[in-house]
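Under this note's numbering, the residues of the sequence shown are numbered 47 to 713, in order.
Ideal Cβ placement from N, Cα and C applies to all residues, glycine included.
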Amino acid sequence: MPNLRIIVVDDEQIVALDLRRTLEGLGYIVPAVETDADGAIDAAKRLRPDLVLMDIRLRRGDGVDAAHVITNQFDIPVVFLTAFSDEATLSRAMKAGPFGFLVKPFAERELYSTIEVALLKHRAVREIDEARQAAEHASLAKTSFLAGMSHEIRNTLNGIVGMTELVLDTPLSGEQRESLNTVLASSETLLTLLHDVLDFSRLEARQLRLVERPFSLDRLLKQVVQASRSEAERKNISLDFRVTPDVPDRLTGDATRLTQVLANLVGNAVKFTHKGSVIIEVSAIPQDQTLLESLFPDGPPSSLTLLFSIRDTGIGIADEHLRTIFEAFSQGAEETVQRYGGTGLGLAICRNLVEIMGGSIWARSSEGQGSSFHFTCRLRPETPAINTPSEHAQAPTSSATPASGARPLRVLVVDDDATGRTITCKMLRKRGHVCACAHDGATALQRLTADRFDLVLLDVKMHPMGGLELLRRIRNAQYPGVDRNIPVVAVTAHALKGDRERFLASGMTDYIAKPINARAFNAMLDRFALSASSARDIPVIPDRSALLAPSEVVRRHGGDHNLVEPVWKAFCDEAPRHFALLAGALEEGDAQQAARFNKRLRLASEHAGAVALAMLTERVGLCLVEDDTAGARQLVPRLESLLSRTIGLILSGMGTTEVPPIEHTTD
Numbered sequence: 047m048p049n050l051r052i053i054v055v056d057d058e059q060i061v062a063l064d065l066r067r068t069l070e071g072l073g074y075i076v077p078a079v080e081t082d083a084d085g086a087i088d089a090a091k092r093l094r095p096d097l098v099l100m101d102i103r104l105r106r107g108d109g110v111d112a113a114h115v116i117t118n119q120f121d122i123p124v125v126f127l128t129a130f131s132d133e134a135t136l137s138r139a140m141k142a143g144p145f146g147f148l149v150k151p152f153a154e155r156e157l158y159s160t161i162e163v164a165l166l167k168h169r170a171v172r173e174i175d176e177a178r179q180a181a182e183h184a185s186l187a188k189t190s191f192l193a194g195m196s197h198e199i200r201n202t203l204n205g206i207v208g209m210t211e212l213v214l215d216t217p218l219s220g221e222q223r224e225s226l227n228t229v230l231a232s233s234e235t236l237l238t239l240l241h242d243v244l245d246f247s248r249l250e251a252r253q254l255r256l257v258e259r260p261f262s263l264d265r266l267l268k269q270v271v272q273a274s275r276s277e278a279e280r281k282n283i284s285l286d287f288r289v290t291p292d293v294p295d296r297l298t299g300d301a302t303r304l305t306q307v308l309a310n311l312v313g314n315a316v317k318f319t320h321k322g323s324v325i326i327e328v329s330a331i332p333q334d335q336t337l338l339e340s341l342f343p344d345g346p347p348s349s350l351t352l353l354f355s356i357r358d359t360g361i362g363i364a365d366e367h368l369r370t371i372f373e374a375f376s377q378g379a380e381e382t383v384q385r386y387g388g389t390g391l392g393l394a395i396c397r398n399l400v401e402i403m404g405g406s407i408w409a410r411s412s413e414g415q416g417s418s419f420h421f422t423c424r425l426r427p428e429t430p431a432i433n434t435p436s437e438h439a440q441a442p443t444s445s446a447t448p449a450s451g452a453r454p455l456r457v458l459v460v461d462d463d464a465t466g467r468t469i470t471c472k473m474l475r476k477r478g479h480v481c482a483c484a485h486d487g488a489t490a491l492q493r494l495t496a497d498r499f500d501l502v503l504l505d506v507k508m509h510p511m512g513g514l515e516l517l518r519r520i521r522n523a524q525y526p527g528v529d530r531n532i533p534v535v536a537v538t539a540h541a542l543k544g545d546r547e548r549f550l551a552s553g554m555t556d557y558i559a560k561p562i563n564a565r566a567f568n569a570m571l572d573r574f575a576l577s578a579s580s581a582r583d584i585p586v587i588p589d590r591s592a593l594l595a596p597s598e599v600v601r602r603h604g605g606d607h608n609l610v611e612p613v614w615k616a617f618c619d620e621a622p623r624h625f626a627l628l629a630g631a632l633e634e635g636d637a638q639q640a641a642r643f644n645k646r647l648r649l650a651s652e653h654a655g656a657v658a659l660a661m662l663t664e665r666v667g668l669c670l671v672e673d674d675t676a677g678a679r680q681l682v683p684r685l686e687s688l689l690s691r692t693i694g695l696i697l698s699g700m701g702t703t704e705v706p707p708i709e710h711t712t713d
């Protein structure tokens, strides 16, 4: 290769000059000959050659270390020269990432071929690295585009869905109600299409992971059928499911993704069927126990393979389209696409999800005679002792008034989108809550300084001060009069994978995605309303006997009156630290740690006869059990006050009036 520049590094000048002459005879340019490591690094930095020929052992400096610097800092390939071919020398040299070795003495042909191979390898490595960087940039651009698209569509849908639902709750004629229900259904279809695009993107990038939990198969199938029931009834077709007796009802797996596959296939079946029926069939595929025992000598895995079949009497699929039906953007005949619409991603998503669940999917169809879609997936029978609360808990109900026992909330709505503010405020007032609005972060801080609020509903993407910056200022207590522990809920169109976790980690108390789901929104408001009521309803305990009960200490310690003072002294030493750790954990949103430190404070209070403090820690514990971290956090000031009064009472009774300071900490 003409005009390629090579630096020679060898502390034997005769060898170096001979090598230079050989290289120049082969057509290479040798801009420098160096004899030590520092000179080699300096020459590589100044001259930026195409390759460096480096002797491993130099009198001044180390050839291996110099090669490591040259390769990693300047991206220049190095070929080692050595008279030593022992394993230790070669092993050490390999760690520098050389592109070739030449053991002295070597022939001219060997020198030429080693240099050319090293240059080719380096070029290939560089091209691979450039391709990787280009792929990463493309992936980032794609993620950014999807995030932006999702945000804008969700924001727009929030206005459409929110206003439509609000108008549907007013007196309307039958025709008006039907028209608005069509608007709502169209909005839900658009949101489904958005979810399809996002799911396909995650599946394509292999970023989707299964979340396995116990679930009821019967309940899941009923939900799938119910989702398409109204459409089936409108078209006068039957829709049902059958499960063979060998399939257990309680299973463990990713019920969400299984539901997604079934809902897509059943939805398609109902869409393309105009008379007759759609049936879901579920059966277990028999397993070869002898084969399983031979493959798993310690015992076969407790999983079973289920076969799901969705059969319809619809329009069917032509053979030429059936072959590509599970490919992305494949939608069958052109006239079918024009009539029925869709993205062409649904079945591709189903195929990917089924494969992730350890199964396969296929279809059979005859044009004009219906279709049958089949897929398998591996699930585990649920262990009898396991019980999932979410499966048996009643779904939150939506009503026009807050939950029983809850007081109306004072809510600050912070959103730079006027439509978003209007919808959120209407939903709040409909539930009997009082709300105020702020269109940016600065206005929100003014409101929070001037007034007392129970809750902040905060849009994340605002200008000029973003929602996360506003949250940081609130939590850092930068403004007098602003409660740093006030519950702040992200109400945002950021709804990609990881967004919820990111916002909660930043200090948000909860998260609601746009378009706002009225049922979830109202359930969240009820939780905060109940916790706020509980915090307001805690009685003030004025008298000494309610704060401290020495008789309880005596009872707990075998009737020994002499132990009262040592127990109280230990309580005064330990309780402030337990409280500080509890307050710190609640401030960071770490419910698990908060529960641990709250238990320590409760036990210390009980042993010291601090009955009022023990009762209050029980209330904190109840909030944490119910995942109501915001409610627990609201009790911290009263805990601090009660603890300080209790310790003051103990110390005054023990002959001292010095009350130790109680400080928050996150240690």
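Can you list, in chain order, the residues of its chain whose CB lies under 7 Å from that of residue i, leaving out five sequence neighbours each side?
| i | result |
| --- | --- |
| S274 | L285, V312, G313 and V316 |
| A650 | F617, E620, A621 and H624 |
| S698 | none |
| D462 | H485, D486, D505, M508 and H509 |
| L157 | T68 and L148 |
For residue i, which residues from the same chain have a beta carbon less than 6 Å from its beta carbon, with the 5 sequence-adjacent residues on both sides left out?
| i | result |
| --- | --- |
| L474 | V457 and C481 |
| A62 | V54, D56 and V79 |
| R105 | D57 |
| L350 | A330 |
| L50 | Y74 and D96 |
| E327 | R288 and S355 |
| G205 | T465 |
| I469 | G208 |
| G553 | L517 and R521 |
Should residue i go down as buried or exposed, given a rule of 16 or more other Cβ atoms within 10 Å for buried?
| i | result |
| --- | --- |
| Q59 | exposed |
| M140 | exposed |
| V324 | buried |
| N201 | buried |
| E428 | buried |
| M195 | exposed |
| G220 | exposed |
| N644 | buried |
| D84 | exposed |
| N568 | buried |
| K560 | buried |
| Y557 | buried |
| R94 | exposed |
| I174 | exposed |
| S276 | exposed |
| P151 | exposed |
Does DSSP put residue i in a helix, in a strand, or in coil?
| i | result |
| --- | --- |
| P612 | helix |
| T714 | This structure gives no information on residue 714, because the portion of the chain shown stretches from 47 to 713. |
| H420 | strand |
| F372 | coil |
| V657 | helix |
| F126 | strand |
| P683 | helix |
| P588 | Only weak support exists for where P588 lies, its pLDDT of 36 falling under 50; the coordinates are left without a value. |
| D57 | coil |
| G478 | coil |
| E277 | helix |
Below 8 Å CB to CB, which residues in the same chain sit around residue i once its five sequence neighbours on both sides are set aside?
| i | result |
| --- | --- |
| L230 | V207, T210, E211 and L214 |
| S418 | S355, I356, R357, D358, A409, R410 and S411 |
Return the Cβ separation of residue i and residue j in integer angstroms, given the expectation that the two are a contact with Cβ distance under 8 Å.
| i | j | result |
| --- | --- | --- |
| A496 | V460 | Between V460 and A496 the Cβ distance is about 14 Å, and since that is not below 8 Å, they are no contact. |
| L455 | L501 | 5 Å |
| L670 | A637 | 5 Å |
| R493 | A484 | 5 Å |
| L256 | L203 | Not confirmed; about 28 Å, so no contact. |
| A409 | I371 | 6 Å |
| T305 | Q269 | 7 Å |
| G360 | E413 | In fact, because the Cβ distance is near 10 Å, the residues do not count as touching under 8 Å. |
Any heavy atom of the ligand ZN within a distance shorter than 8 Å of the CB on residue i?
| i | result |
| --- | --- |
| H485 | In the structure on display, the ligand ZN does not appear, and there are no ligands present to speak of. |
* Asked: Which parts of the stretch 69–116 are runs of the beta strand (DSSP E), unbroken and 3 residues or longer, counting only runs that do not cross its ends?
  -> 97–101
* Asked: At what residue ranges does the stretch 143–179 contain a whole run of the beta strand (DSSP E), taking only runs of 3 or more?
  -> 146–149
* In chain order, which continuous runs of the alpha helix (DSSP H) of length 4 or greater are located wholly inside the stretch 610–648? -> 610–633
* Where are the alpha helix (DSSP H) runs, 4 residues long or more, that stay fully inside the stretch 509–543, in chain order? -> 513–521
* To do: Run through the stretch 201–236 for me and flag every whole alpha helix (DSSP H) of 4 or more residues, listed as ranges in chain order.
  => none
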